[in-house]
Every structure is written in C-alpha cells, then in structure tokens.
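Structure record follows, encoded as structure tokens.
Protein chains: 2
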Amino acid sequence: MREATLKDVATRAGVSIRTVSNVVNGYAPVSDALRAKVETALGELDYRPNVIARNLKQGRSGLLGLVVPELDVPYFAELARATIAAGRRHGYTVMVDQTDADPERERELLTRNSRLALFDGLILSPLTLTVQDLRVRGNRAPIVLLGEHLFDGSFSHVAIDNVAAAREATEHLIALGRTRIAAIGDQPYQTGETAQLRTAGYRQALERAGIAYDPRLVRPTERFHRRLGAAAATELMALPSPPDAIFCYNDLLALGALRSLVRAGVRVPDDVAVIGIDGIEEGEFSMPSLSTVAPDKQQIATLAVESLVALIEGTAAPAPAEVRAAHTLLPRESTLGISGLGVSGLGISG
Amino acid sequence: MREATLKDVATRAGVSIRTVSNVVNGYAPVSDALRAKVETALGELDYRPNVIARNLKQGRSGLLGLVVPELDVPYFAELARATIAAGRRHGYTVMVDQTDADPERERELLTRNSRLALFDGLILSPLTLTVQDLRVRGNRAPIVLLGEHLFDGSFSHVAIDNVAAAREATEHLIALGRTRIAAIGDQPYQTGETAQLRTAGYRQALERAGIAYDPRLVRPTERFHRRLGAAAATELMALPSPPDAIFCYNDLLALGALRSLVRAGVRVPDDVAVIGIDGIEEGEFSMPSLSTVAPDKQQIATLAVESLVALIEGTAAPAPAEVRAAHTLLPRESTLGISGLGVSGLGISG
DNA sequence: TGGCAGCTCTGCAACGATGCAGACATCGTG
DNA sequence: CACGATGTCTGCATCGTTGCAGAGCTGCCA
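Here the protein sequences come in this chain order: A and F.
Those letters in the first sequence? Residues 1 to 350, per UniProt numbering, in order.
Those letters in the second sequence? Residues 1 to 350, per UniProt numbering, in order.
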C-alpha cells in the first residue's frame with residue numbers, strides 16, 4: 001500500500017492540498033470545522049509527511065555529516081558525541097560515518113553522486129585527502145576539516161596546536177628527570193602530517209632541554225592502535241639501552257604500550273613513564289591511569305559546527321578560517337606514580 | 001551564486017534537459033558531438049546533481065540510520081563499524097546517531113517531522129522506547145530493533161541470548177571454584193530489560209551449581225559505565241565477607257571494577273576473578289586483560305541490515321522476525337591469571 | 001522511391017511538498 | 001449601502017530530477 005500524500009488526504013477531506021498542508025504545519029488560520037475534518041482524514045490515512053519532498057522545496061535537510069576514519073577509535077567516538085551535541089544546539093542533526101581510513105572511501109565521499117550530498121554540510125576528519133581531491137568534489141555542501149591536513153588555506157579548519165601539544169607532553173617527561181625519552185607513532189610519509197607535527201614538538205622539547213635526539217628511540221607505527229603501541233614498546237625495551245620514558249602520539253598507542261610494559265614486569269612510572277595524547281576516558285581507568293594531553297573536544301566540536309553553520313547560512317564571509325582549539329596536560333599515574341598507597345609504581349607481584 | 005541545475009546546463013549547451021541528464025547518468029546513447037558539448041557546459045557551470053531531487057523522484061535515499069544510546073560506549077562504536085560495513089555490502093550508506101540515552105530524544109526520533117524520515121530504514125538500539133511509542137511513529141521507514149526490548153512481536157529484532165550469555169559467564173567463574181560471586185549492573189526497573197535478563201542468567205547459573213543467591217552481592221548501577229563499576233567493586237570489597245569473583249553486566253563496568261580492585265591491592269584473579277560481557281577491544285589491553293562473553297557483532301550487524309533491507313525492498317514477508325545472534329566466552333587473564341610469567345596474579349608492588 | 005528499423009534526441013508529466021497571489025465570504029465602519 | 005479590512009481557503013507555479021512516449025533523422029533494403 002502506497003504511503004498517503006497530502007493529495008490523498010485532501011481528496012478524502014474534501015479540501016485543497018494547500019489546506020491540508022496548512023493544518024499539518026499549523027501555518028495559516030484554519031477554521032475549527034475544517035481542521036477537524038482534515039485531522040480525521042489525516043488519522044484515517046495515517047499520513048506522514050515526505051521529508052525528502054519537503055527538503056527539496058526548502059533546499060535544505062537540516063542534516064550535518066561528520067566523517068571520521070574510525071568510529072571505534074575512542075577519540076573519534078568522543079568527538080562524535082560532542083559534535084552531535086553542538087549540532088543540536090544550532091538546530092542541526094549530525095549523523096556520523098566512517099571511512100575505515102580507506103583513501104578510496106574518503107575520495108568516494110566527495111563524488112558527484114555521493115549520498116552525503118543530502119547533507120547541508122560536512123565535517124571531515126581526513127587522513128589521505130589532498131587539496132586536489134577537495135577541489136574537484138562533486139559535493140555542493142560546505143566542508144569544514146578537522147586536523148592539520150591540507151593547510152593551504154582553501155578550507156576551514158579546526159585543530160589543536162599539535163606541535164605544542166607534543167612538546168608539552170615531552171616536557172612533562174623531561175620535568176620528571178627523564179632523559180632517554182622514546183616516541184611511538186611517527187609517520188614519516190606523505191599522509192602522516194599530524195604525526196609529523198607531533199614529532200616536531202617532541203624534538204623541540206628535547207632540543208630545548210639539551211637532550212640529544214636519538215633516532216633509535218623513535219618508532220614509527222602505521223596506525224594509532226593499541227596493538228601497535230604494545231609491539232613498539234616491547235621493541236624499545238629490548239634495546240641495549242632502553243628508554244626511561246615513552247611519549248606516544250595518541251592514547252591508544254600509550255595504552256598498548258602500558259600493557260606490554262606492565263606485563264613484562266617493567267614498573268610504570270618508576271622504570272618507564274608513559275604519556276599519550278587524546279584525553280580519552282579509557283585512560284582514566286587503565287592501571288596505572290594514563291597521563292595525556294587532552295584536546296578540548298567540546299571546543300573542537302563547537303568551533304567546527306559554528307564554522308560550518310556560518311558557511312551554510314551565509315552569515316560569515318566565505319573566507320576559510322583556520323581555528324585553533326585548546327589542549328590541556330593531564331598528568332596521571334603513568335607519569336606521576338600511584339599516590340596514597342605508599343608505593344611508587346606498579347609491577348608484577350608474585 | 002545559485003547552484004547550476006540541469007536546466008542551466010541544457011540552456012548553455014543548447015540541448016534538452018533530458019539529454020544532459022542522460023549524459024550525467026550515462027543512460028541513453030548520446031552522440032559524441034553532443035556529449036562533448038554537454039560535458040563542456042557541465043564543467044563550465046561546475047554542475048553537481050541535486051541529490052534531494054533525485055531521491056524524491058526515485059522514492060529512496062539509499063541511506064540507513066543506526067541509532068544507539070551512546071556512541072562513545074565502545075560496544076556501540078564497534079557495532080557501528082560492523083553495521084556500516086554490512087550496509088555497504090547491501091548498497092546502503094549507514095549513518096549513525098546517538099540519543100545520549102535520553103528518553104525524550106528517543107521518542108523524538110519517531111516524530112512526524114523527524115529528519116530521520118529521510119532514511120530508507122532505521123536500526124534502533126532503544127533504551128526506553130515502548131511498543132506504544134513505536135506504533136504511533138510518524139516515520140514511514142521500516143525499523144529493526146537491537147536488544148531485547150519490546151518483545152511483543154510487532155517489530156523485527158536482533159539480539160543475543162542474554163540469559164545464556166550471563167549464565168555462561170557466571171558458570172565460568174563457578175568452574176574456577178569461586179563460590180561468592182558478585183554481580184554488578186542489575187537494573188530492577190522498567191527500562192532495564194537487558195540487565196534483568198542477565199540477572200536471570202546469573203541466578204540460573206548459581207542455582208544449577210547449588211550456590212545460594214545472596215542479594216548483598218548484587219549491585220545495581222543506573223548505567224553501564226566504568227566509573228559506576230569501579231564504585232560498585234569498592235563497595236563489594238568493603239562487605240564483611242567480600243566476593244571471590246565478580247560478574248559484570250558489561251565490559252565497561254568490569255574495567256572500572258578491575259581498576260578499583262587492582263588499585264586497592266586486590267589480586268586479580270587470585271583474590272577476585274572478574275568477567276564482563278561485550279567483547280570490546282579495550283578488554284584485550286587492560287592489565288590484567290578482561291575475560292568476557294562476546295556477542296558476535298558482525299553477525300548482529302549483518303542480520304540487522306539484512307532484515308531491514310528485506311523490509312525496505314519488500315523481498316521478505318513483513319512479518320517481524322526475532323533473530324538470535326551468537327555469543328562466545330573469551331576467558332582471559334582476569335579469570336585465568338597471567339600465564340607465562342611464573343606469577344599468578346597482578347597487584348601492587350613496592 | 002517507399003517503407004521500415006534503429007538511433008538520437010526532446011518535451012511533458014510526475015515525485016510530494018510549499019510559496020504566492022488572489023478568490024470569496026464575512027464583518028465593521030462611515 | 002458602499003467600502004475596505006480581515007479571515008479562510010484555493011489553485012497554480014515551483015523545487016530539480018527522472019520516466020515515458022514519441023518526434024525526427026539516417027540508412028538500408030526491396
């Protein structure tokens with residue numbers, strides 16, 4: 001059975017389509033008698049408006065899309081929550097998609113026939129997209145980017161200062177007196193821009209402290225996952241002179257490293273201090289809890305949505321903005337130690 | 001500047017709208033000469049199809065919606081990933097929304113004017129919705145439900161056997177010789193159906209093993225979050241006779257409990273064994289790693305998408321199906337102990 | 001040369017809703 | 001009583017696209 005349309009309802013109620021529309025939307029004044037008749041017909045036919053038709057007429061859908069590489073990476077999940085909330089505050093519904101960090105999927109998004117063209121605007125957290133890709137997009141909706149990519153100024157951006165964040169994390173380790181500070185997560189190839197900025201921050205901190213840079217202590221990882229962090233930490237501890245601290249480029253790497261260290265009987269932080277970046281909730285509950293530099297996800301989400309809405313509604317100059325969000329160092333047990341227990345580290349007992 | 005339409009392109013190229021459409025979609029045979037002219041015009045005007053108009057004409061959007069209570073709960077994030085993949089296999093794009101576990105937001109989804117009406121179908125993981133709510137929905141798209149709610153048979157469902165899952169988790173603890181087995185996560189009120197099923201499974205296992213049910217060992221928690229698990233575990237250990245094992249209704253509760261136990265110097269699993277439900281990746285990397293009963297998320301996602309697509313495309317009888325997905329017990333260190341180290345538990349050293 | 005098939009291409013209608021201008025009835029006022 | 005103001009209600013055009021039926025042309029064969 002076909003869905004009832006305004007026309008069906010109008011026929012049944014013996015009024016014009018327009019009047020039915022008015023009743024449905026509560027627009028123009030409608031007499032009680034007619035209103036009652038229309039409402040009866042609406043009920044009898046179980047009328048439900050066709051949102052697509054309405055959107056076509058109004059030229060907007062009220063939907064924003066957030067596209068992240070991996071939804072099950074906690075940082076993105078937490079960011080998604082914040083973005084959905086920010087969207088609501090501006091009257092938009094945000095829906096989330098992921099690309100599995102697949103370059104082809106990322107490019108597919110921008111395709112002429114992408115279904116995302118239904119959305120009034122897009123917030124992208126790209127991994128591999130180039131400015132070129134974005135230029136030729138078949139997508140009519142405005143775009144705001146998250147992260148450091150594509151800083152050629154043609155698109156609005158929201159990101160933390162990754163160099164500073166990495167520097168502060170490293171400086172925190174230095175302040176604890178550590179000198180052999182390893183780094184896990186470098187990505188010295190084209191699409192690893194965020195990682196490269198963090199490497200820069202790491203090296204800045206070392207340099208300022210007069211600590212020599214030791215390339216053997218820097219482990220690249222293709223992605224920022226727990227398993228890779230664990231493997232890299234194991235390798236680091238097998239070095240002739242292992243590190244006394246590890247700066248991980250994100251919290252998942254750090255949590256993987258943490259487990260492999262503790263599992264191997266290394267005391268954290270006494271033997272090796274560990275810090276990450278992301279400020280995910282999981283890090284508050286690891287044992288020991290994870291020190292981290294937390295980007296202000298609320299702020300990132302709010303700024304991204306605000307920029308996007310301004311583009312959509314034309315309330316701002318279309319000049320692309322580069323927006324910086326805040327970040328905060330959150331020292332926890334993995335660098336400060338476990339307080340209140342009369343012990344100074346966590347290891348294997350038995 | 002307005003977006004170019006087919007009409008604009010047609011005017012510029014001196015051909016009919018229909019021909020432009022044909023070129024864009026590669027439909028009918030078009031002579032090379034015309035095709036070239038049209039393509040030039042397309043390029044000059046930077047034409048991008050209006051997906052909304054296309055959808056209106058075709059009566060579908062190719063979009064499925066997945067709505068979960070909280071995206072930053074890892075179980076849901078992992079399920080979302082699986083669902084997005086399953087949707088792609090069927091030619092649909094899945095986009096994810098969350099309700100913040102807010103009853104009003106859940107109901108809002110089904111409203112006449114909900115933007116989700118743009119979607120061809122919806123997969124809902126409801127917390128508080130009643131059958132009543134679903135009946136009066138102003139939403140035309142078919143719906144498939146995740147979880148045990150609303151088992152009155154009017155809607156298609158996909159869920160694991162929660163009673164069995166909880167029973168198997170508890171039996172695993174019993175098989176280890178534990179007798180004072182606590183439970184964290186009961187929700188003995190209307191909207192806590194999943195929790196109640198898990199309580200039933202827990203009690204079944206106790207009963208079968210001839211262990212008396214001790215209500216003091218069952219801690220309710222309003223939600224399934226790490227912090228509440230930690231608090232509940234602390235309370236349990238403060239009992240005159242504390243438990244020697246804890247069954248948590250999900251992995252987040254268990255991870256919270258794990259931390260508070262280890263933090264307090266309790267040896268896991270020697271003193272207290274811990275198990276959860278969900279099989280989230282985080283549990284593989286906690287210290288000790290978390291034993292769990294893992295629902296087959298792939299299967300859940302696949303079954304949900306298949307049911308939904310069948311409803312949308314009318315290839316299946318509209319009779320609502322109740323589908324069971326598989327689950328697997330995954331014993332890890334939090335019950336089996338840490339092997340290969342010559343130690344039998346993890347605690348505080350120093 | 002007539003007729004037909006096959007290839008291109010076009011115009012119109014339609015998807016289901018809303019904006020707009022105006023028709024019609026009613027009412028109050030001068 | 002005439003008039004305009006007000007309050008209801010309607011029809012038409014429109015959003016941008018695609019389905020459908022058919023027009024016009026070409027070329028081939030009898």
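We put the CB at the ideal spot given by N, CA and C, even for glycine.
Judged by their CB atoms, glutamate 106/A and aspartate 72/A are not nearer to each other than the 9 Å cut-off. Rounded to whole angstroms, glycine 65/A and leucine 311/F show a C-alpha spacing of 26 Å. Interface annotation for the region 185-207 of chain A against chain F: empty, criterion Cβ-Cβ distance under 7 Å. Leaving aside the five residues that flank arginine 332/F on each side, the residues in its chain whose CB is nearer than 8 Å to its CB run, in chain order, Gly283, Glu284, Pro288, Ser289, Leu290, Ser291 and Thr292. Apart from the 5 residues on each side of it in sequence, glycine 314/A has no Cβ closer than 7 Å to any other Cβ in its chain. Among the CB atoms of chain A, one or more fall inside 9 Å of the CB of alanine 117/F. Taking a Cβ-Cβ cut-off of 8 Å, the neighbours of glutamate 281/F in chain A comprise Asp72 and Arg226, given in sequence order.
DSSP places serine 61/A in no beta strand (DSSP E); its state is neither H nor E.
Following the DSSP letters along the chain, one finds arginine 89/F in no beta strand (DSSP E) but inside the alpha helix (DSSP H) bounded by residues 74-89. In terms of Cβ geometry, isoleucine 174/F and proline 243/F do not form a close pair [threshold 9 Å]. DSSP, read as helix, strand or coil, puts glycine 256/A in helix. Scanning its chain for C-beta atoms nearer than 7 Å, with the 5 sequence neighbours on each side dropped, one finds around isoleucine 17/A the residues Leu6, Lys7 and Ala10, in chain order. When secondary structure is reduced to three states using DSSP, alanine 28/A falls in the coil class, being assigned neither helix nor strand. Under the three-state reduction of DSSP output, methionine 287/F falls in the coil class, being neither helix nor strand. Secondary structure of glutamate 322/A (DSSP, three-state): strand. According to DSSP, residue pairing for leucine 122/A in a beta bridge involves Gly65/A and Ile143/A. With contacts defined by Cβ atoms closer than 9 Å, serine 61/F and leucine 118/F form a contacting pair. Annotated three-state conformation of glycine 201/F is helix, per DSSP. By the Cβ-count criterion, glycine 43/A is exposed, with fewer than 16 other Cβ atoms from all chains shown falling within 10 Å of its own Cβ. Residues of the region 87-111 of chain F with a C-beta atom less than 7 Å from some C-beta of chain A are Thr93, Met95, Val96, Asp97 and Gln98, listed in chain order. In the three-state reduction of the DSSP assignment, histidine 225/A falls in the coil class. Following the DSSP letters along the chain, one finds glutamine 299/A in no beta strand (DSSP E) but inside the alpha helix (DSSP H) bounded by residues 297-313. The continuous stretches of beta strand (DSSP E) do not include arginine 115/A, and DSSP gives it neither H nor E. For leucine 176/F, the three-state secondary structure derived from DSSP is coil. The beta-carbon distance between glutamate 148/A and leucine 197/A, rounded to whole angstroms, is 6 Å. This is short enough to meet the 8 Å contact definition.
A residue is called buried once 16 or more other Cβ atoms fall within 10 Å of its Cβ, and valine 305/A is buried on that count.
The three-state reading of DSSP puts glutamine 187/F in coil, since its state is none of H, G, I, E or B.
Around the beta carbon of tyrosine 189/F, fewer than 16 other beta carbons lie within 10 angstroms, which makes this residue exposed. The C-beta distance from valine 266/A to methionine 237/A rounds to 6 Å, short enough to meet the 8 Å contact threshold. In chain order, Leu252 place their CB closer than 6 Å to the CB of histidine 225/A, counting only its own chain and leaving out the 5 sequence neighbours on each side.
Within the same chain, Cβ atoms closer than 7 Å to the Cβ of leucine 258/A are found at Val268, Val274, Ser286, Leu290 and Ser334, the five residues on either side in sequence being excluded. Excluding residues up to 5 positions away in sequence, Asp186, Gln187 and Pro188 lie with their Cβ nearer than 7 Å to the Cβ of proline 220/F in the same chain. In chain order, Leu64, Leu66, Thr83, Ile84 and Gly87 place their CB closer than 7 Å to the CB of valine 94/A, counting only its own chain and leaving out the 5 sequence neighbours on each side. Among the CB atoms of chain F, none fall inside 9 Å of the CB of valine 20/A.
Counting along the chain, alanine 13/F sits inside no beta strand (DSSP E); it lies in the alpha helix (DSSP H) bounded by residues 6-13.
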